[in-house]
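Be aware that the sequence shown starts at 923, since it is given in the numbering used here, and climbs by one per residue.
These notes are about the structure you will find just below.
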Amino acid sequence: MADPLHLVCPHCDAVNRVPGARLTQGPACGKCHRPLFDGHPVALDEARFERHIARSDVPVLVDFWAPWCGPCRMMAPAFEAAAARLEPNARLAKVNTEEAQGLAMRHGIRSIPTLAVFRGGRELARQAGAMDTAQLVRWMQPYL
Ligand code: ZN
């Protein structure tokens, strides 16, 4: 059996250890008892971002966006739908670059939306520009 996976709760940020075989069985957080995956992207500020990126054993697909960005707002429903398709094999997260400006700067986000995949604290891939749901799902395949 596979080693337990570390999963960061999207509700309370507790780090959970979940046996790999239970990943697809709707695991709940040991601390707050809410589902570890609920089919929705998690909105992360700077502090939460570091924890989720560093401690999650499943890849994290991050949408760097801003409220004033038209293409970002247009992509939001596609990103939401992609969360339902990709969970629990990936975590989808949104970072509002207006609020997390230091984070966006440290990661060299020059245009939005920018999509990036992280695993084990490392960035694996990045792409600027909006994608639809099918493109997001396809783009993630190598990292699942
Ligand atoms: Zn929790």
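For each residue, glycine too, the CB sits at the ideal point set by N, CA and C.
Apart from the five residues on each side of it in sequence, which residues of its chain come closer than 6 Å, Cβ to Cβ, to residue i?
{"i": "Tyr1065", "result": "Pro981, Val1039 and Leu1046"}
{"i": "His962", "result": "Ala1005"}
{"i": "Lys953", "result": "Cys934 and Ala936"}
Based on DSSP bridge pairs, tell me the residues matched to residue i.
{"i": "Leu1037", "result": "Asp985 and Gln1049"}
{"i": "Lys1016", "result": "Ala965 and Asp985"}
{"i": "His928", "result": "Arg939"}
{"i": "Ala950", "result": "Pro957"}
{"i": "Arg1044", "result": "Arg1041"}
Is it the case that the CB of residue i approaches a heavy atom of the ligand ADP more closely than 7 Å?
{"i": "Ala1026", "result": "With respect to small molecules bound, the structure shown includes the ligand ZN and not the ligand ADP."}
Excluding sequence positions up to five away, which residues of its chain have a Cβ less than 7 Å from the Cβ of residue i?
{"i": "Ala1050", "result": "Ser1033 and Thr1036"}
{"i": "Arg970", "result": "Asp935"}
{"i": "Glu972", "result": "none"}
Assuming contact is defined by CB atoms lying nearer than 8 Å, are residue i and residue j in contact in what I supplied?
{"i": "Leu1014", "j": "Val1059", "result": "no"}
{"i": "Gly1030", "j": "Ala976", "result": "no"}
{"i": "Met996", "j": "Ala1056", "result": "no"}
{"i": "Ala1022", "j": "Leu983", "result": "no"}
{"i": "Pro926", "j": "Pro941", "result": "yes"}
Using 10 angstroms around the beta-carbon of residue i, count the other beta-carbons present and answer buried if the total reaches 16, otherwise exposed.
{"i": "His974", "result": "buried"}
{"i": "Met1062", "result": "buried"}
{"i": "Pro993", "result": "exposed"}
{"i": "Ala1026", "result": "buried"}
Enumerate in chain order the residues of its own chain whose CB-to-CB distance from residue i is below 8 Å, with the five nearest sequence positions on each side excluded.
{"i": "Gly1024", "result": "Glu968"}
{"i": "Glu1020", "result": "Ala988, Pro989 and Trp990"}
{"i": "Cys951", "result": "Cys931, His933, Cys934, Ala936, Asn938, Pro957 and Leu958"}
{"i": "Ala1002", "result": "One detail in the question is off: residue 1002 reads as Glu in this sequence, not Ala. For Glu1002, where only same-chain residues beyond five positions count, the Cβ hits under 8 Å are His962 and Pro963."}
Are any of the Cβ atoms in chain D nearer than 8 Å to that of residue i?
{"i": "Glu1021", "result": "This model lacks chain D altogether; it includes just one protein chain."}
If you draw a straight line from the C-alpha of residue i to the C-alpha of residue j, how long is it?
{"i": "Ala1000", "j": "Asp979", "result": "24 Å"}
{"i": "Val930", "j": "Arg1028", "result": "22 Å"}
{"i": "Arg1041", "j": "Asp985", "result": "15 Å"}
{"i": "Asn1018", "j": "Val964", "result": "11 Å"}
{"i": "Arg1048", "j": "Leu945", "result": "26 Å"}
{"i": "Gln947", "j": "Ala998", "result": "27 Å"}
{"i": "Asp1054", "j": "Pro1010", "result": "19 Å"}
{"i": "His928", "j": "Asp960", "result": "17 Å"}
{"i": "Leu966", "j": "His955", "result": "20 Å"}
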